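Peer 1: Numbered per the numbering used here, the sequence shown finishes at 366, counting up by one with no gaps. Yeah, the Cβ is synthetic: ideal placement off N, Cα and C, and Gly gets one too. What you are looking at is a predicted structure, and each value in this text was computed from that prediction instead of being measured. Can you keep this structure in mind? I'll have questions shortly.
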Amino acid sequence: MLEELKQKVFEANMLLPKYGLVTFTWGNVSAIDRESGLFVIKPSGVPYETMSADDMVVMDLEGNRVEGKYKPSSDTPTHMILYKRFPNVCGVVHTHSSYATSWAQSGRSIPCYGTTHADYYYGAIPCVRCLTKDEIDADYETNTGILIADSFESENLDYEAVPGVLCKNHGPFTWGKDANEAVHNAVVLEEVAKMAYRTELINKEVLPAPSELQDKHYFRKHGKNAYYGQQ
136 MLEELKQKVF
146 EANMLLPKYG
156 LVTFTWGNVS
166 AIDRESGLFV
176 IKPSGVPYET
186 MSADDMVVMD
196 LEGNRVEGKY
206 KPSSDTPTHM
216 ILYKRFPNVC
226 GVVHTHSSYA
236 TSWAQSGRSI
246 PCYGTTHADY
256 YYGAIPCVRC
266 LTKDEIDADY
276 ETNTGILIAD
286 SFESENLDYE
296 AVPGVLCKNH
306 GPFTWGKDAN
316 EAVHNAVVLE
326 EVAKMAYRTE
336 LINKEVLPAP
346 SELQDKHYFR
356 KHGKNAYYGQ
366 Q
């Protein structure tokens, strides 16, 4: 079942250690087949060194395991909520990459200090609040997804223009049109987190890049009249 998607999700998961985004098993990638309503995700706690495409787990959007010999990632309910609430998302990534997680643990959104950030994320990368004790005790992973989606809705953020978030005291989630794009956005998030950290070390009074410069770089790549890259 969904053999091609399993292979793609496996390959996307293997990109996380390649790009230095995970230590041990601290991360996961999933992707959804919108036609069937099923998604494929990494199994929980299985080392990357021994993992194969056959180990990927198929889930439905009600949280039922449809196929797979292993338990799915413990973050599966968060992925599930994001697929339900963000209909144009078809791939989700969670890591504990060190710089992005440091911003999350600090409870700070990442300001857009330059064009590298603006090429991929429109404005600051938000850090949502920490879950309450009741939310943690009731259904931690599901409520993580609900908090992310509710925060984007309440702040009127476009989840396609801002394809990632920091969960306070936890770490980053990113997403995209498929698993590979979600990984790409996770790599970018980690790099801009690192750049922003170093920028503030060099200049404690630094301000975000001018809005007109942010707009230029984002829309030349993502706007209706985009001209970056090959047509």
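#1: If you follow the beta strand (DSSP E) that P100 is part of, which residue opens it and which one closes it?
#2: May I have the straight-line CA-CA distance separating W310 from M215, to the nearest angstrom?
#3: Just to confirm the assignment, what range does the alpha helix (DSSP H) spanning G180 have?
#4: What is the DSSP secondary structure of R200, reduced to helix, strand or coil?
#5: Relative to the C-alpha of Y379, which candidate in K268, T267, W238, I245 has its C-alpha closest?
#6: Quick one: give me the first and last residue of the beta strand (DSSP E) that D168 is part of.
#7: CB-CB under 7 angstroms to A317, same chain, minus the five flanking residues each way: which ones, in chain order?
#8: Could you pull the DSSP bridge partners for H252 from this structure?
#9: In whole angstroms, what separates the C-alpha of N320 from that of P298?
#10: Could you please give the first and the last residue of the uninterrupted alpha helix (DSSP H) stretch that includes G364?
#11: State whether the stretch 338-347 contacts the stretch 268-277, with contact taken as three or more CB pairs (one from each stretch) at a distance under 8 angstroms.
#12: Start and end of the beta strand (DSSP E) containing H229?
#13: What separation, rounded to the nearest whole angstrom, lies between the Cα atoms of S208 and P178?
#14: Alpha carbon to alpha carbon, what distance is there between Y234 and L196?
#15: Three or more C-beta pairs under 8 angstroms: does that hold for the stretch 169-177 against the stretch 236-252?
#16: Looking at the structure shown, is D272 part of a helix, part of a strand, or coil, going by DSSP?
Peer 2: A quick look at the data gives this:
#1: In the structure as shown, the chain begins at 136 and stops at 366. Residue 100 is therefore absent and cannot be evaluated.
#2: 12 angstroms
#3: Counting along the chain, G180 falls outside any alpha helix (DSSP H), and DSSP gives it neither H nor E.
#4: strand
#5: Because the chain is modelled from 136 through 366, residue 379 falls outside the range shown and cannot be assessed.
#6: 162-168
#7: V164, G226, V227, V228, T309, W310, G311
#8: Paired residue(s): none; H252 is not in a bridge.
#9: 7 angstroms
#10: Unbroken run through G364: none, as it is neither H nor E.
#11: no
#12: 226-230
#13: 5 angstroms
#14: 31 angstroms
#15: no
#16: helix
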